[in-house]
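Residue numbers (my numbering): 419 to 555. Backbone N, C-alpha and C fix where the C-beta goes; we use that ideal spot for every residue, glycine too. This report concerns only the one structure given below.
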Amino acid sequence: MGFAVVMDFMQAAVEQARIAARKGEVPIGAVIVCEGKIIAKAHNMRERKQNALAHAEVLVIDKACRRLKSWRLENCEMYVTLEPCAMCMGAVTNARLRKVYYGALSQTDLNWKTECELVESEECAEILKSFFKAKRV
Numbered sequence: 419m420g421f422a423v424v425m426d427f428m429q430a431a432v433e434q435a436r437i438a439a440r441k442g443e444v445p446i447g448a449v450i451v452c453e454g455k456i457i458a459k460a461h462n463m464r465e466r467k468q469n470a471l472a473h474a475e476v477l478v479i480d481k482a483c484r485r486l487k488s489w490r491l492e493n494c495e496m497y498v499t500l501e502p503c504a505m506c507m508g509a510v511t512n513a514r515l516r517k518v519y520y521g522a523l524s525q526t527d528l529n530w531k532t533e534c535e536l537v538e539s540e541e542c543a544e545i546l547k548s549f550f551k552a553k554r555v
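Dropping the structure here:
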């Protein structure tokens, strides 16, 4: 894909970021492209929705999945104005997006730390193993 085309799609993401800024949201915008056409657009909406998951990337993935009637977006690319956070990259990976283009690097220092602890349970592991074993038979 040529640089000019990439920049056109990135500009569409920038427009979404501008919409977010006008609404008082952190100005991050994203679009998803499939077969050379924008199929979904979104911007941050955490404040408006009062939802920690309402990042532009998650919202645009949701729209693209509904548009294509599939959770698999393997023939799609995302254009986003900021390097996706860990949550959003997890969503990108789970949606199987082919490629992500981003316009700026994010800060590596998080402003919040959550403590995590593994509580190993054979039952937790076994339910997953059994499920996938049955799917592959």
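Q) What are the residues that DSSP puts in a beta bridge with residue 495? A) Within the sequence shown, the letter at position 77 stands for residue 495. Answer is 451, 517, bridged to residue 495.
Q. Considering only residues of the same chain and omitting the five flanking positions on each side of residue 517, which have a CB-CB separation below 6 Å?
A. The count along the sequence shown starts at 1 and reaches residue 517 at position 99. Within the same chain, Cβ atoms closer than 6 Å to the Cβ of residue 517 are found at 495, the five residues on either side in sequence being excluded.
(Q) Under DSSP, the alpha helix (DSSP H) around residue 555 begins and ends at which residues? (A) As a first step, residue 555 is located in the sequence shown; it is residue number 137 there, counting from the start. Here residue 555 belongs to no alpha helix (DSSP H), and DSSP marks it neither H nor E.
Q. Under a Cβ-count criterion, where at least 16 other Cβ atoms within 10 Å of its own Cβ denotes burial, should residue 374 be classed as buried or exposed?
A. Past the edges of the chain, shown from 419 to 555, lies residue 374, and the structure says nothing about it.
Q.
Pop quiz: residue 483 and residue 513 are said to be a contact at Cβ under 8 Å. What is the actual Cβ separation, rounded to whole angstroms?
A. Locating residue 483 in the sequence shown gives position 65, where the first residue counts as 1. Locating residue 513 in the sequence shown gives position 95, where the first residue counts as 1. That belief holds up - the Cβ atoms of residue 483 and residue 513 are roughly 7 Å apart, short of 8 Å.
**Q.** For residue 463, the first and last residue of its enclosing alpha helix (DSSP H)
**A.** Along the sequence shown, one-based indexing puts residue 463 at 45. Counting along the chain, residue 463 falls outside any alpha helix (DSSP H), and DSSP gives it neither H nor E.
Q.
Given a cut-off of 8 Å on the beta-carbon distance, is the pair residue 458 and residue 499 in contact?
A. Mapped onto the sequence shown, residue 458 falls at position 40. Mapped onto the sequence shown, residue 499 falls at position 81. In this structure, residue 499 does not lie closer than 8 Å to residue 458 by Cβ.
Q. Where residue 509 and residue 548 are concerned, what is the direct C-alpha to C-alpha distance, given to the nearest angstrom?
A. Translated into the one-based positions of the sequence shown, residue 509 becomes position 91. Translated into the one-based positions of the sequence shown, residue 548 becomes position 130. Put simply, the backbone Cα of residue 509 is about 24 Å away from that of residue 548.
Q | Close Cβ partners of residue 472 (< 6 Å) along its chain, the five nearest in sequence each way excluded | A | In the sequence shown, residue 472 corresponds to position 54, counting from 1. Result list for residue 472: 463, 464, in chain order.
Q.
Does residue 456 come out as helix, strand or coil in the three-state DSSP assignment?
A. Within the sequence shown, numbered from 1, the residue matching residue 456 stands at position 38. DSSP places residue 456 in strand when its eight states are reduced to three.
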